[in-house]
Amino acid sequence: MTEIAGKYLTVILRITLGGVFLYAGVVKIADPVAFAGNIAAYKLLPYFGNYLIAAILPWIETICGLLLISGCRVRGAAVIICALNGIFMVALFSTIVRGLDIDCGCFRDGGEKTSAWTAIGRDLVLLAMAASLARRDRQSST
Amino acid sequence: MHLSTIKILREMAGICLLATFVGLTWNYRLLHSAWTGNVPSATPAAATDTKANQGREPAAVPLPLGLMQVKELYDRKEATIVDARDGVTYSAGHITGAVSLPIAEADSRLAEFMNRFPRATLLVVYCNGYACQDSRTLADKLIAAGYQTVFIFEGGFPEWQDAGYPVTGGNP
Numbered sequence: 004m005t006e007i008a009g010k011y012l013t014v015i016l017r018i019t020l021g022g023v024f025l026y027a028g029v030v031k032i033a034d035p036v037a038f039a040g041n042i043a044a045y046k047l048l049p050y051f052g053n054y055l056i057a058a059i060l061p062w063i064e065t066i067c068g069l070l071l072i073s074g075c076r077v078r079g080a081a082v083i084i085c086a087l088n089g090i091f092m093v094a095l096f097s098t099i100v101r102g103l104d105i106d107c108g109c110f111r112d113g114g115e116k117t118s119a120w121t122a123i124g125r126d127l128v129l130l131a132m133a134a135s136l137a138r139r140d141r142q143s144s145t
Numbered sequence: 302m303h304l305s306t307i308k309i310l311r312e313m314a315g316i317c318l319l320a321t322f323v324g325l326t327w328n329y330r331l332l333h334s335a336w337t338g339n340v341p342s343a344t345p346a347a348a349t350d351t352k353a354n355q356g357r358e359p360a361a362v363p364l365p366l367g368l369m370q371v372k373e374l375y376d377r378k379e380a381t382i383v384d385a386r387d388g389v390t391y392s393a394g395h396i397t398g399a400v401s402l403p404i405a406e407a408d409s410r411l412a413e414f415m416n417r418f419p420r421a422t423l424l425v426v427y428c429n430g431y432a433c434q435d436s437r438t439l440a441d442k443l444i445a446a447g448y449q450t451v452f453i454f455e456g457g458f459p460e461w462q463d464a465g466y467p468v469t470g471g472n473p
């Protein structure tokens with residue numbers, strides 16, 4: 004019974020987390036210039052670096068999202084998502100330290116502004132989900 | 302190193318490489334514009350004024366700026382705010398201190414604008430918010446005319462007004 008519940012939980016985690024990252028990636032792929040602007044607002048990268056990250060990052064999110072939903076290469080995708088969320092949280096925390104009041108740029112540009120603390124909280128939840136998935140997939144593969 | 306660790310590192314490397322390849326291919330044009338600049342070679346103003354252009358970074362596609370960044374530049378008086386909307390709309394209400402350069406009159410009034418503002422001026426162009434493309438079109442024209450630092454304020458006048466920042470004309 005517990006094993007079955009655990010399997011269902013893994014599937015729910017996979018699809019939820021995969022859906023979130025697939026959505027986040029696709030909306031950014033649709034408007035890379037706006038996303039570059041969001042990255043530029045963090046004032047962490049040089050001019051071209053903003054575009055480079057805006058070109059690549061949404062595809063990492065999309066591919067990881069698709070892999071999680073399909074159940075293929077789950078551990079690799081989950082670990083990448085853990086790393087991404089860690090980086091996002093550091094970047095968000097740096098905006099708080101530097102007194103920058105910016106939109107996190109996590110999802111669609113032009114929506115309601117998300118504060119850095121809210122985004123950090125959300126990233127923590129996503130990080131916990133991804134870490135749990137990576138751990139569960141490891142246990143099931145051993 | 303443990304076999305499962307090697308396997309997971311391989312998976313991660315594969316995902317990142319695939320994403321990098323697809324991302325670079327998909328956004329090739331954008332990245333090329335950002336790297337090399339977006340100034341057409343036939344632009345007379347930029348081509349003739351070589352001295353003024355010496356040592357500058359090449360212009361690229363205009364980057365969007367958020368409300369807070371625009372306000373920061375505005376408060377420090379580091380940017381010239383340009384209103385891309387038509388004259389009537391501008392008179393009805395605009396960001397205090399903004400210069401009117403309606404997109405429909407941009408071609409005829411560009412020379413006058415350029416006499417007033419040197420090409421080193423940092424410009425922030427806005428119009429009527431996210432649904433409005435005039436700021437983007439005008440920003441492209443300004444870059445093509447030789448301006449090197451042109452931003453777009455995508456939230457435009459509605460976002461600025463809603464935030465309670467200084468406006469001139471129109472309803473309070």
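Sequences listed follow chains L and X, in order.
Each residue of the first sequence is one higher than the one before, starting from 4 at the first, in my numbering.
Each residue of the second sequence is one higher than the one before, starting from 302 at the first, in my numbering.
Think of the CB as a built atom: it goes at the ideal place given N, C-alpha and C, for glycine as much as any other residue.
Terminal residues of the continuous alpha helix (DSSP H) containing D384 (chain X)? Here residue 384 (chain X) is taken as the residue at index 83 of the second sequence, counted from 1. Where D384 (chain X) is concerned, there is no enclosing alpha helix (DSSP H), although the beta strand (DSSP E) it sits in stretches over 381-384.
Leaving out the 5 sequence neighbours to the left and right, which residues in its chain are closer than 6 Å to D126 (chain L) when beta-carbon positions are compared? For the purposes of this step, residue 126 (chain L) is taken as the residue at position 123 of the first sequence. If we look at D126 (chain L) and ignore the five residues flanking it on each side, its Cβ neighbours are N88, F91, M92.
Own chain partners of A81 (chain L) with C-beta closer than 6 Å, once the 5 adjacent residues on each side are dropped: In the first sequence, the residue the question calls residue 81 (chain L) occupies position 78. Counting only Cβ-Cβ distances below 6 Å, and skipping sequence neighbours, we find A133, L136, A137.
Proximal residues to V425 (chain X) (C-beta, below 6 Å), its chain only, five neighbours per side dropped: In the second sequence, residue 425 (chain X) corresponds to position 124, counting from 1. Answer for V425 (chain X): V371, A380, I382, F452, F454, listed in chain order.
Leaving out five residues on either side along the sequence, give the residues of the same chain with a beta carbon under 7 Å from the beta carbon of G470 (chain X). The residue labelled residue 470 (chain X) in the question sits at position 169 within the second sequence. So the qualifying residues of the chain are S392, A393, G394, H395.
I404 (chain X) to A33 (chain L) span [Cα, whole Å]: On the second sequence, residue 404 (chain X) is found 103 positions in, with the first residue counted as 1. On the first sequence, residue 33 (chain L) is found 30 positions in, with the first residue counted as 1. Whole-angstrom Cα-Cα distance: 25 Å.
In chain L, what lies closer than 9 Å to V323 (chain X) by C-beta? In the second sequence, counting from the first residue as 1, residue 323 (chain X) sits at position 22. Scanning chain L for C-beta atoms nearer than 9 Å to the C-beta of V323 (chain X) yields I59, W62, T65, I66, reported in chain order.
Using a Cβ-Cβ cut-off of less than 8 Å, give me the residues of the stretch 30-48 of chain L that come near chain X, in sequence order. Residues of the stretch 30-48 of chain L with a C-beta less than 8 Å from any C-beta of chain X: I32, P35, V36, A37, A39, G40, N41, A43, A44, listed in chain order.
Quick check on T121 (chain L): does DSSP put it in helix, strand or coil? In the first sequence, counting from the first residue as 1, residue 121 (chain L) sits at position 118. Helix.
Of the choices L:V128, L:I105, L:G79, L:L71, whose alpha-carbon is the least far from that of I307 (chain X)? Here residue 307 (chain X) corresponds to residue number 6 of the second sequence, with the count starting at 1. Ranking the options by Cα distance to I307 (chain X), first place goes to L:G79.
Extract the residue ranges of the beta strand (DSSP E) inside the stretch 366-431 of chain X, only unbroken runs of 3 or more that lie entirely within it. Segments of the beta strand (DSSP E) lying fully in the stretch 366-431 of chain X: 381-384, 423-427.
So, is R410 (chain X) buried or exposed, given that buried needs 16 or more other C-beta atoms within 10 angstroms? What you label residue 410 (chain X) is simply residue 109 of the second sequence in a count that begins at 1. By the neighbour-count rule (16 or more Cβ atoms within 10 Å), R410 (chain X) is not buried but exposed.
From the DSSP output, which residues share a beta bridge with F452 (chain X)? Here residue 452 (chain X) corresponds to residue number 151 of the second sequence, with the count starting at 1. DSSP output for F452 (chain X) lists X:L364, X:V425 as bridge partner(s).
With a cut-off of 7 Å, does the C-beta of G367 (chain X) fall near any C-beta of chain L? Within the second sequence, numbered from 1, the residue matching residue 367 (chain X) stands at position 66. It does; some Cβ of chain L falls within 7 Å.
Could you give the C-beta distance for G28 (chain L) and G74 (chain L), rounded to a whole number, given that I count them as a contact under 8 Å? Your numbering for residue 28 (chain L) matches position 25 in the first sequence. Your numbering for residue 74 (chain L) matches position 71 in the first sequence. Contact between G28 (chain L) and G74 (chain L) is absent: CB atoms are separated by about 18 Å, not below the 8 Å threshold.
Per DSSP, the bridge partner or partners of T469 (chain X): In the second sequence, counting from the first residue as 1, residue 469 (chain X) sits at position 168. Looking at the DSSP output, T469 (chain X) shares a beta bridge with X:H395.
Would you identify the three-state DSSP class for L71 (chain L), choosing helix, strand or coil? Here the question's residue 71 (chain L) lines up with position 68 in the first sequence. L71 (chain L) sits in a helix when the DSSP states are folded into three classes.
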